[in-house]
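S.K.: Quick one: the structure is below, questions incoming.
Numbering (the working numbering), first residue to last: 128 to 322.
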């Protein structure tokens, strides 16, 4: 029993990295709605920074939990893809208005898939609320499809769907992080002798 508790403690130790990722994405969503009139250039730079930072924290989470996280390679790959997309957006901030919706739409689809995968991982670990993570991923998938198939609707559609997607993903990452922290706290109580 002590070995199982120790393994689970390892798996939940860096919950705060997912919390930071969620906070970054929530801030990205809020900023998207607060400053909707910003140019695509500002959007590309802002998305680049938010996605790059989220990727860095996901890579750190995957690497620090590689021995205990089932499917850690997918989390690592997800973080690397995020970082690459962030670098692309930062490296060429003059992405035209015609291309930006497709990049953002594909990213939102991808992020939805990652959230669904994370939710399935949560179910594997018997974390309550994993269904909500899967739901958040499904919402992101739908928003990504909306951005991809209605890019001609203009900046308002792109901003609205992107803002909603960032908020959905951010809230979902925060929920997962807080569930992991709660599980870690319970595991610590179990591992203290005399309890």
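Virtual Cβ for every residue (Gly too), placed ideally from N, Cα, C.
Take the Cβ of residue 162 as the centre, count every other Cβ of all protein chains shown within 10 Å, and call the residue buried at 16 or more, exposed below.
M.R.: On the chain shown, residue 162 is found 35 positions in, with the first residue counted as 1. With fewer than 16 Cβ atoms within 10 Å of its Cβ, residue 162 is classed as exposed.
S.K.: Measuring alpha carbon to alpha carbon, tell me which of 158, 184 and 182 ends up nearest residue 173.
M.R.: Indexing the chain shown from 1 puts residue 173 at position 46. Ranking 158, 184 and 182 by Cα distance to residue 173 puts 158 first.
S.K.: Does DSSP classify residue 191 as helix, strand or coil?
M.R.: Within the chain shown, numbered from 1, the residue matching residue 191 stands at position 64. Residue 191 falls in the helix class under three-state DSSP.
S.K.: Quick one: measure Cβ to Cβ for residue 156 and residue 293, integer angstroms, because I've assumed they're closer than 8 Å.
M.R.: Position 29 of the chain shown, counted from the start, is the residue given in the question as residue 156. Position 166 of the chain shown, counted from the start, is the residue given in the question as residue 293. Contact flag correct, Cβ pair sits at about 3 Å.
S.K.: Could you compute how far the alpha carbon of residue 210 sits from the alpha carbon of residue 313?
M.R.: As a first step, residue 210 must be located in the chain shown, where it is residue number 83. As a first step, residue 313 must be located in the chain shown, where it is residue number 186. Spanning the two alpha carbons is a distance of roughly 33 Å.
S.K.: Once the 5 residues before and after residue 153 are set aside, which same chain residues still bring their CB inside 8 Å of it?
M.R.: The residue labelled residue 153 in the question sits at position 26 within the chain shown. Taken in chain order, the residues that qualify are 293, 294, 297, 298 and 301.
S.K.: State the Cα-Cα distance for the pair residue 266 and residue 245, rounded to the nearest angstrom.
M.R.: Reading the chain shown from its first residue, position 139 is the one you call residue 266. Reading the chain shown from its first residue, position 118 is the one you call residue 245. Their Cα atoms are separated by approximately 14 Å.
S.K.: On a CA-only basis, which of 234, 271, 220 and 228 is nearest residue 205? Give me that one, please.
M.R.: Residue numbering aside, residue 205 sits at position 78 when the chain shown is read from its first letter. Out of 234, 271, 220 and 228, 234 has the C-alpha closest to the C-alpha of residue 205.
S.K.: Excluding the 5 residues flanking residue 151 on each side, which residues of the same chain have their C-beta closer than 8 Å to its C-beta?
M.R.: The residue you call residue 151 lines up with position 24 of the chain shown. 177, 180, 181, 184 and 297, listed in sequence order.
S.K.: Per DSSP, what kind of secondary structure is residue 312 in: helix, strand or coil?
M.R.: Position 185 of the chain shown, counted from the first residue, corresponds to residue 312. Residue state, collapsed to three classes: helix.
S.K.: I'd like the span of the alpha helix (DSSP H) that includes residue 250, first residue to last.
M.R.: Position 123 of the chain shown, counting from 1, holds the residue named residue 250. 227 to 251 is the extent of the alpha helix (DSSP H) around residue 250.
S.K.: Across the segment 302 to 312 and the segment 140 to 149, are there enough close Cβ pairs to call them in contact, namely three or more that are closer than 8 Å?
M.R.: Yes: the two stretches touch, three or more of their Cβ pairs being nearer than 8 Å.
S.K.: Ignore the nearest five residues each way along the sequence and tell me which others in residue 199's own chain have a CB closer than 7 Å to its CB.
M.R.: Here the question's residue 199 lines up with position 72 in the chain shown. If we look at residue 199 and ignore the five residues flanking it on each side, its Cβ neighbours are 189, 192 and 193.
S.K.: In angstroms with no decimal places, state the Cα-to-Cα distance between residue 229 and residue 262.
M.R.: Along the chain shown, read from residue 1 onward, the residue named residue 229 stands at position 102. Along the chain shown, read from residue 1 onward, the residue named residue 262 stands at position 135. Cα to Cα, the separation comes out at about 23 Å.
S.K.: Tell me which same chain residues have a C-beta within less than 8 Å of the C-beta of residue 208, skipping the five on either side of it?
M.R.: Your numbering for residue 208 matches position 81 in the chain shown. So the list reads 182 and 237, once near-sequence residues are dropped.
S.K.: How about residue 283 and residue 232: do their beta carbons lie closer than 8 Å?
M.R.: Here residue 283 refers to the residue found at position 156 of the chain shown. Here residue 232 refers to the residue found at position 105 of the chain shown. No, these two residues do not count as a Cβ contact at 8 Å.
S.K.: Here's a check: name, in chain order, each residue in its chain whose Cβ is nearer than 8 Å to the Cβ of residue 254, leaving out the five neighbours to either side.
M.R.: Against the chain shown, residue 254 aligns to sequence position 127. For residue 254, where only same-chain residues beyond five positions count, the Cβ hits under 8 Å are 303, 306, 307 and 310.
S.K.: With DSSP collapsed to three states, give me the class of residue 162.
M.R.: Here residue 162 refers to the residue found at position 35 when the chain shown is read from its first residue. Coil, per DSSP.
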